[in-house]
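Trainee: Dumping the structure here so I can ask a few things about it.
Okay, here's the thing in structure tokens:
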């Protein structure tokens with residue numbers, strides 16, 4: 012049996028894993044409130060808070076300023092809003108939770124680590140697609156209504172929600188995948204090495220960050236760094252984040268193969 016399995020083409024092994032990966036996806040979605048309900052509820056709450064703020068600014072602005080050329084200049088700063096960033100951080104938390112909480116159950120159902128990771132990656136892709144579509148639709152509505160009639164920005168900012176349809180969808184989709192797979196990689200490190208792994212991981216990240224900042228400072232390279240970000244633009248930076256996404260996905264899977272469930 013082992014020889015036959017080893018002789019199977021890679022495509023055949025992936026095809027045989029597909030039904031099991033879908034079962035893992037269903038296992039993750041047993042509690043849909045965590046992955047679908049809560050993010051939308053919080054997003055609605057944040058939008059309501061922003062709308063009240065925009066309304067207060069709009070009503071307190073003289074009508075002459077609101078009707079002047081260029082519109083209400085008092086709300087121009089809202090184009091730098093980071094209100095939707097919470098949802099990306101929340102997805103990182105979800106990625107950590109689904110791996111830590113579901114991994115022991117999956118092994119209890121005789122699901123292999125390979126199939127568990129494939130099903131988890133499928134979950135990440137589905138959620139990234141859903142929320143990318145939602146945010147993109149909201150960005151078009153926001154533009155069509157001129158900032159919900161108040162000139163505000165939440166879904167169409169300098170960070171996301173601008174450009175062509177393809178750019179809007181792909182930039183948000185890739186950003187979601189970044190946080191998903193980074194979160195999953197963090198959780199696999201904990202599953203494999205527990206607290207020691209966390210100390211080494213975060214300590215290494217801090218040391219690398221400090222060393223990089225020191226090197227750039229001593230080389231007077233901050234203007235070049237700023238120029239690179241300006242030339243790359245938001246979409247270019249998001250595309251470069253795919254490198255970290257792929258690395259996180261690869262090492263997350265390799266580490267998970269030797270991980271043990273948390274009691």
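In the numbering used here, the protein residues as written are 12 to 274. The beta-carbon is built from N, C-alpha and C at its ideal position, and this holds for glycine as well. Small disclaimer: the values here were computed from a predicted structure and weren't measured.
1) Between which two residues does the alpha helix (DSSP H) containing residue 209 stretch?
2) Where does the unbroken alpha helix (DSSP H) through residue 42 begin, and where does it stop?
3) Short of 6 Å in beta carbon distance, which residues of its chain neighbour residue 127, apart from the five on each side in sequence? Order them along the chain.
4) Would you check if the region 98-108 and the region 182-200 touch, i.e. whether three or more CB-CB distances between them fall below 8 Å?
5) Among 132, 178, 89, 194, which has the Cα closest to the Cα of residue 153?
6) Just tell me which of 168, 123, 212, 145 has its CA closest to the CA of residue 264.
7) Using C-beta distances below 8 Å, list every residue in its chain close to residue 66, excluding the 5 sequence neighbours before and after it, in chain order.
8) Note down, in chain order, each residue of its chain lying with its Cβ closer than 8 Å to the Cβ of residue 247, except the 5 sequence neighbours on either side.
9) So residue 91 is in the alpha helix (DSSP H); what residue range does that whole segment cover?
10) Residues in its own chain within less than 8 Å of residue 140 by CB, not counting five upstream and five downstream?
11) What are the start and end residues of the alpha helix (DSSP H) that includes residue 232?
12) Exposed or buried, which one is residue 97 when buried takes at least 16 other CB atoms within 10 Å?
13) Kindly give me the distance between the Cβ atoms of residue 245 and residue 163, rounded to whole angstroms, as I take these residues to be in contact under 8 Å.
14) Taking buried to mean at least 16 other C-beta atoms within 10 Å of its own C-beta, is residue 197 buried or exposed?
15) Skipping 5 residues on each side, what residues in its chain have a beta carbon closer than 8 Å to that of residue 18?
16) Can you list, in chain order, the residues of its chain whose CB lies under 6 Å from that of residue 256, leaving out five sequence neighbours each side?
17) If distances are taken between C-alpha atoms only, which option among 38, 44, 262, 72 comes closest to residue 112?
18) Using three-state DSSP, classify residue 165 as helix, strand or coil.
19) Suppose the cutoff is 6 Å on Cβ atoms and the five residues either side in sequence are ignored; what does the same chain contact list for residue 147 look like?
20) Do residue 270 and residue 199 have their C-beta atoms within less than 7 Å of each other?
21) I believe residue 46 touches residue 52 by the beta-carbon criterion, under 8 Å. Please report the beta-carbon distance rounded to the nearest angstrom.
22) Please report the straight-line C-alpha distance between residue 70 and residue 159, rounded to a whole angstrom.
Mentor: In terms of the structure at hand:
1) Within the chain shown, residue 209 is the residue found at index 198, counting from 1. Counting along the chain, the alpha helix (DSSP H) containing residue 209 begins and ends at 176-229.
2) By 1-based counting over the chain shown, the position of residue 42 is 31. Neither: residue 42 is in no alpha helix (DSSP H) and is coded neither H nor E.
3) Here residue 127 is taken as the residue at index 116 of the chain shown, counted from 1. The beta carbon of residue 127 sits closer than 6 Å to the beta carbons of 35, 117 from its chain, once the five residues preceding and following it are set aside; these are given in chain order.
4) Touching, yes, given that three or more Cβ pairs across the two stretches are closer than 8 Å.
5) Against the chain shown, residue 153 aligns to sequence position 142. Ranking 132, 178, 89, 194 by Cα distance to residue 153 puts 89 first.
6) Counting from 1 along the chain shown, the entry for residue 264 is found at position 253. If we check each option's Cα against that of residue 264, 123 comes out closest.
7) For the purposes of this step, residue 66 is taken as the residue at position 55 of the chain shown. Within the same chain, residue 66 has close Cβ partners 161.
8) Numbered from 1 along the chain shown, position 236 holds the residue referred to as residue 247. So the list is empty, once near-sequence residues are dropped.
9) Residue 91 sits at position 80 when you count from the first residue of the chain shown. Here residue 91 belongs to no alpha helix (DSSP H), and DSSP marks it neither H nor E.
10) Along the chain shown, one-based indexing puts residue 140 at 129. Excluding positions up to five away in sequence, the list reads 184.
11) As a working mapping, residue 232 is identified with position 221 in the chain shown. That residue, residue 232, is in no alpha helix (DSSP H); it is neither H nor E in DSSP.
12) Walking along the chain shown from the start, residue 97 turns up at place 86. Classification of residue 97: exposed, given that the 10 Å Cβ count is below 16.
13) As a first step, residue 245 is located in the chain shown; it is residue number 234 there, counting from the start. As a first step, residue 163 is located in the chain shown; it is residue number 152 there, counting from the start. Wrong, their Cβ atoms sit about 20 Å apart, outside the cutoff.
14) Your numbering for residue 197 matches position 186 in the chain shown. Flag for residue 197 reads buried.
15) Indexing the chain shown from 1 puts residue 18 at position 7. Low local confidence applies: a pLDDT of 48 at residue 18 is under 50, so the model's placement there is unreliable, and no value is given.
16) Your numbering for residue 256 matches position 245 in the chain shown. Closer than 6 Å at the Cβ level, and outside the excluded window around residue 256, lie 188, 189, 192.
17) Locating residue 112 in the chain shown gives position 101, where the first residue counts as 1. Minimum Cα distance to residue 112 is reached at 38.
18) As a working note, residue 165 is residue 154 in the chain shown. Residue 165 falls in the coil class under three-state DSSP.
19) Taking the first residue of the chain shown as position 1, residue 147 is located at position 136. Here residue 147 has 179, 180 as same chain residues with Cβ atoms under 6 Å from its own Cβ, once five neighbours each way along the sequence are excluded.
20) Taking the chain shown and counting its residues from 1, one reaches residue 270 at position 259. Taking the chain shown and counting its residues from 1, one reaches residue 199 at position 188. Yes, these two residues count as a Cβ contact at 7 Å.
21) Indexing the chain shown from 1 puts residue 46 at position 35. Indexing the chain shown from 1 puts residue 52 at position 41. Incorrect: roughly 12 Å between the Cβ atoms, too far for contact.
22) The residue you call residue 70 lines up with position 59 of the chain shown. The residue you call residue 159 lines up with position 148 of the chain shown. Their Cα atoms are separated by approximately 14 Å.
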